[in-house]
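First comes the structure, then the notes that go with it.
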Amino acid sequence: MPNPVSKEFLWNARVYFEDTDAGGVVYHANYLKFFERARTEFLRALGWSQRSLLEMKTCAFVVSDLSIQFKRPAKLDDELQIRTTLKNLRRASFIFDQRAYKGESLMAAAQVQVVCINPEKGAPTAIPSSIFDTIENMLSVEMTANK
């Protein structure tokens, strides 16, 4: 079960055979899947599933920019912890710092910008107030607690 939502969200993933390449290590593109799932679980922990977002018909989150660095190879059956930190919250976008760890070893790191779009128009739109306010509140509580 995911940890309570804070500025850093933790989500565990196991490496399965389908995640590996012919060399027995995680295929590079599969880190994107791990990171996507962690962002999805981050939103779910805040109370929004992907389904509920689609049913609203006013908001879909899409990746608009991504930078990733591969540090060490993860292998079959490794347990990874995906650490997701919200670095920047704007009216229509988020920037996440995401890192995959095996124990204390950093395996991969990514910076991901996610934009809210209107799914019917395909154009950027403001993050719904209910989501934006919840995240903004979470961040301000976290920052106050750290003072």
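Under our numbering, the first residue of the sequence shown is numbered 1, with each subsequent residue one higher.
Quick reminder that beta carbons are idealized off the backbone N, C-alpha and C, glycines included.
Discussion item. Suppose you measure from the CA of G122 to the CA of V62; what does that come to, to the nearest Å?
Written reply: 10 Å
Worksheet entry | Three-state class that DSSP yields for E136 in the structure shown | helix
Fill in: Residue environment, A13, which counts as buried when at least 16 other CB atoms sit within 10 Å
buried
Worksheet item: If you drop the 5 nearest sequence neighbours on each side, which residues of the same chain put their C-beta closer than 8 Å to that of E136?
Response: L89
Discussion item. Taking the beta carbon of A22 as the centre, do at least 16 other beta carbons fall within 10 Å, making it buried, or is it exposed?
Written reply: exposed
Worksheet entry | Span separating the alpha-carbon of L76 from that of A45 | 28 Å
Worksheet item: Could you give the distance in angstroms between the alpha-carbon of K57 and the alpha-carbon of T125?
Response: 12 Å
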